[in-house]
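Trainee: So that we are looking at the same thing, I have put the structure below in structure tokens.
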Amino acid sequence: MKQKLYLTLAMMFTLFIGTSAFAQSTKKFTHEITIDCEQVKTAKMTSESTISGVVRNIDVTFPHKTRINPKKGAIIDFKAPGYNAYKLMIPPGGFESEFMLHFTENPREMSRLKPTPKPVAPVDDASKKEVDALKKEVAALKKDAEESKQQSSDLSMPKGEAQKAVSRDTPGQTALEQTIIRWAIDSDPQGARVFWRVISSVPAQVKNTNETYLMTTPYEETRSFNILGLTYENSRDVQIEIKIVKNGYHTQVKRFNVRQAIDQQEISAFFMLVKQDE
Numbered sequence: 002m003k004q005k006l007y008l009t010l011a012m013m014f015t016l017f018i019g020t021s022a023f024a025q026s027t028k029k030f031t032h033e034i035t036i037d038c039e040q041v042k043t044a045k046m047t048s049e050s051t052i053s054g055v056v057r058n059i060d061v062t063f064p065h066k067t068r069i070n071p072k073k074g075a076i077i078d079f080k081a082p083g084y085n086a087y088k089l090m091i092p093p094g095g096f097e098s099e100f101m102l103h104f105t106e107n108p109r110e111m112s113r114l115k116p117t118p119k120p121v122a123p124v125d126d127a128s129k130k131e132v133d134a135l136k137k138e139v140a141a142l143k144k145d146a147e148e149s150k151q152q153s154s155d156l157s158m159p160k161g162e163a164q165k166a167v168s169r170d171t172p173g174q175t176a177l178e179q180t181i182i183r184w185a186i187d188s189d190p191q192g193a194r195v196f197w198r199v200i201s202s203v204p205a206q207v208k209n210t211n212e213t214y215l216m217t218t219p220y221e222e223t224r225s226f227n228i229l230g231l232t233y234e235n236s237r238d239v240q241i242e243i244k245i246v247k248n249g250y251h252t253q254v255k256r257f258n259v260r261q262a263i264d265q266q267e268i269s270a271f272f273m274l275v276k277q278d279e
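Numbering-wise (the working numbering), the sequence shown opens with residue 2 and increments by one.
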């Protein structure tokens, strides 16, 4: 009985020593490598000769780490959609730790991966007219929204008049032309000649004008603004210049903002003339 026990213990000790030696030899002859690729992030590893045997059909993400037996080498196949297959061959005795894959595009597979554009149906004349009408309607709605926004912040502006401009083609059709402004110009001494002109900061919309003679002081009249191109929106950028001229006295000039004149419905000024030095 004791002999059998000793024999069993001896066999177990021998098996343990052999297993430890095999594990140490296996660990000694394995080498970790890193595989990376710049063109793609993932690929299918179809075969890999490693210390653990042959592994097939595994999806890997780069960089990918695995172990090989440097004495035996390894053959690893990779396949990525749209690219030709890549075979990585590591010969026996190779102890490199990093490998970079360089895939080449496969034009046929790459074209299959691209989405096929959907055919565009031809548009008939009736559909074009509907589309054009819809665009005009949307543009009108946008314009009304902009005018409403402006009017909400400026209650003195009549509804729908923000963009309406004074024009020769449609005289008298804007609220500006229907707004009566009182002009009252006087001077001391009286009898000075009164001139006026338009000065615009937006010449692309409202043109500057030359001086126009009105009459001598005292001058009082009611008239509307029929300045071409003038709107409620750009009236803040337009001024009326009043000039007083009298022999023996210095010329004097005053300017009035058109929008303020519209709100006050008046342009009034008094000029105290100064004699010129003899």
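Beta carbons: idealized from backbone N, C-alpha and C, even for Gly. It should be emphasised that the depicted structure is a prediction, and the values quoted were computed from it without experimental measurement.
With distance defined between alpha-carbon atoms, name the residue in His103, Lys255, Ala134 and Ile77 nearest to Phe196.
Mentor: Lys255
Trainee: Are the stretch 238–252 and the stretch 194–210 touching, with three or more C-beta to C-beta distances below 8 angstroms?
Mentor: Contact between the stretch 238–252 and the stretch 194–210 is present, because at least three Cβ pairs lie under 8 angstroms.
Trainee: Could you check whether Lys165 and Thr180 sit closer than 7 angstroms to each other, using their CB atoms as the reference points?
Mentor: no
Trainee: With burial defined as no fewer than 16 other Cβ atoms inside 10 Å of the residue's Cβ, what is the status of Asn85: buried or exposed?
Mentor: exposed
Trainee: Taking Arg183 and Thr217 to be in contact with their CB atoms under 8 angstroms, please state how far apart those CB atoms are, rounded to whole angstroms.
Mentor: So it is not a contact: roughly 18 angstroms between Cβ atoms.
Trainee: Which residues in the same chain as Glu267 place their Cβ atom closer than 6 angstroms to its Cβ, once the five residues preceding and following it in sequence are excluded?
Mentor: Arg183
Trainee: Should Ala205 be flagged as near chain C, meaning a C-beta pair shorter than 7 angstroms?
Mentor: The structure shown contains no chain C; it is built from a single protein chain.
Trainee: Any contact between the stretch 30–47 and the stretch 56–70? By contact I mean 3 or more CB pairs, one from each, below 8 angstroms.
Mentor: yes
Trainee: What is the residue span of the beta strand (DSSP E) that Ser188 lies within?
Mentor: Ile181 to Asp189
Trainee: Who are the Cβ neighbours of Glu138 in its own chain at under 6 angstroms, not counting the five residues just before and after it?
Mentor: none
Trainee: As an exercise, report each continuous beta strand (DSSP E) stretch of at least 3 residues that is fully enclosed by the stretch 63–124, in chain order.
Mentor: Fully enclosed beta strand (DSSP E) runs of 3 or longer: 65–69, 75–80, 87–91 and 99–102.
Trainee: Taking the straight line between their C-alpha atoms, what separation do you get for Asn107 and Leu114?
Mentor: So the two alpha carbons sit approximately 11 angstroms from each other.
Trainee: Under 7 angstroms, do Ile91 and His32 count as touching if we go by C-beta distance?
Mentor: no
Trainee: What does a CB cutoff of less than 8 angstroms around Glu178 pick up in its chain, not counting 5 residues either side in sequence?
Mentor: Val167, Pro172, Ser225, Phe226 and Asn227
Trainee: Is the separation between the beta-carbon of Arg194 and that of Val246 shorter than 7 angstroms?
Mentor: yes
Trainee: Is Asn248 helix, strand or coil when you go by DSSP?
Mentor: Collapsing the DSSP output to three states places Asn248 in coil.
Trainee: Find out if the Cβ-Cβ distance for the pair Pro47, Lys73 is shorter than 7 angstroms.
Mentor: Here residue 47 is Thr; the residue named in the question, Pro, does not match the sequence. Result no, Cβ atoms of Thr47 and Lys73 do not sit closer than 7 angstroms.
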